[in-house]
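Structure record follows, encoded as structure tokens.
Numbering (full-length UniProt numbering), first residue to last: 1 to 261.
Okay, structure coming up:
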């Protein structure tokens, strides 16, 4: 089935350098389309779960017309990384053969600094709403996970969202949580239009769109040894989590307003 959430596939041709800012050792790499990408590895820390979070968070941001670099599925072949001198990186590359995820590299982009750039209330509200919805623990003053590129704000790095999937128990309870960590969001002071954005975004994120986004998760990333569930059953939990959270958005919207006050 084709939909707007299908990603291009690229094959990684050159490992350029590690980007050691991230705990999961992402890397700058080049692919067979001659573009550079920030490559996220399935063999890193939280494994495919971080890639699923990155994929779902990015696809939802895309559906809401927020700016983020293009996401692509990035293939690493068997021989890749054998000449890498750093043993840690070689292990990471060997453990990430097959399908990974990458974001288009925004050359010349700089990290968003709230002391330098003020974001308008509507855009700030959109981003705070998104991060409360997907339970994104990043996007704080310590780690803004946003870039300024060509005078526009771009969102990056959603690998820490949907943290319910690390324990995989009580997803219903997690779906209805207020997400108290929103109090640390770097854009919270400007997010004065949350209720308006809530109505707008709930109209955009139909169950059909959520279904298409969840269906874009590759089956290879849904083979989990820690739970006894099929890939389709795991997809269904992601779908139900997102739809339930959307249906009860007043819970996290009220938490945002409480944190702002």
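C-beta: ideal position from N, C-alpha, C; glycine also. Keep in mind it's a predicted model, so treat the numbers as computed, not measured.
Report the three-state DSSP secondary structure of residue i (helix, strand or coil).
{"i": "residue 100", "result": "strand"}
{"i": "residue 70", "result": "coil"}
{"i": "residue 38", "result": "strand"}
{"i": "residue 188", "result": "helix"}
{"i": "residue 64", "result": "coil"}
{"i": "residue 181", "result": "helix"}
{"i": "residue 207", "result": "helix"}
{"i": "residue 223", "result": "coil"}
{"i": "residue 168", "result": "coil"}
{"i": "residue 218", "result": "coil"}
{"i": "residue 45", "result": "coil"}
{"i": "residue 247", "result": "helix"}
{"i": "residue 51", "result": "helix"}
{"i": "residue 256", "result": "helix"}
{"i": "residue 1", "result": "Note that residue 1 scores 35 on pLDDT, short of 50, meaning its location in the model is unreliable; the coordinates nonetheless yield the value given after this. Three-state DSSP puts residue 1 in coil, outside helix and strand."}
{"i": "residue 261", "result": "coil"}
For residue i, write down the residues that DSSP places opposite it in a beta bridge.
{"i": "residue 8", "result": "72"}
{"i": "residue 238", "result": "Its beta-bridge partners do not exist; DSSP assigns none."}
{"i": "residue 17", "result": "28"}
With a threshold of 16 other CB atoms inside 10 Å of the CB of residue i, please say whether the residue is buried or exposed.
{"i": "residue 116", "result": "exposed"}
{"i": "residue 269", "result": "An answer regarding residue 269 cannot be provided, because it is not within the stretch 1 to 261 covered by the chain."}
{"i": "residue 173", "result": "exposed"}
{"i": "residue 158", "result": "buried"}
{"i": "residue 14", "result": "exposed"}
{"i": "residue 261", "result": "exposed"}
{"i": "residue 54", "result": "buried"}
{"i": "residue 169", "result": "exposed"}
{"i": "residue 135", "result": "buried"}
{"i": "residue 48", "result": "buried"}
{"i": "residue 96", "result": "buried"}
{"i": "residue 91", "result": "exposed"}
{"i": "residue 120", "result": "exposed"}
{"i": "residue 42", "result": "buried"}
{"i": "residue 40", "result": "buried"}
{"i": "residue 52", "result": "buried"}
{"i": "residue 179", "result": "buried"}
{"i": "residue 150", "result": "exposed"}
{"i": "residue 258", "result": "exposed"}
{"i": "residue 286", "result": "Nothing can be reported for residue 286, as the shown portion of the chain is limited to 1 through 261."}
{"i": "residue 2", "result": "For residue 2, the predicted structure reports a pLDDT of 39, less than 50, and the residue's modelled location is therefore unreliable. The matter cannot be settled from this model."}
| task | Please specify which runs of the alpha helix (DSSP H), each continuous and at least 4 residues long, are wholly inside the region 81-164, giving them in chain order. | result | If we require 4 residues or more, the alpha helix (DSSP H) runs fully inside the region 81-164 come out as 87-94, 121-133.
| field | Cβ contact check for the region 105-116 and the region 126-137: 3 or more pairs under 8 Å | value | Counting C-beta pairs with one atom in each stretch, the region 105-116 and the region 126-137 have fewer than three that are closer than 8 Å, which means they do not touch.
| Okay, do the region 201-216 and the region 49-61 touch, 3+ Cβ pairs below 8 Å being the bar? | A contact exists between the region 201-216 and the region 49-61.
| task | Could you tell me whether the region 2-20 touches the region 61-72, using the rule of 3 or more Cβ pairs below 8 Å? | result | In short, these stretches touch, since the Cβ pair count reaches three.
| request: Take every Cβ of the region 138-152, pair it with every Cβ of the region 220-233, and state whether three or more of those distances are shorter than 8 Å. | output: No, the region 138-152 does not touch the region 220-233.
| the region 161-173 contacting the region 240-249, beta-carbon criterion three pairs below 8 Å | The region 161-173 vs the region 240-249: in contact.
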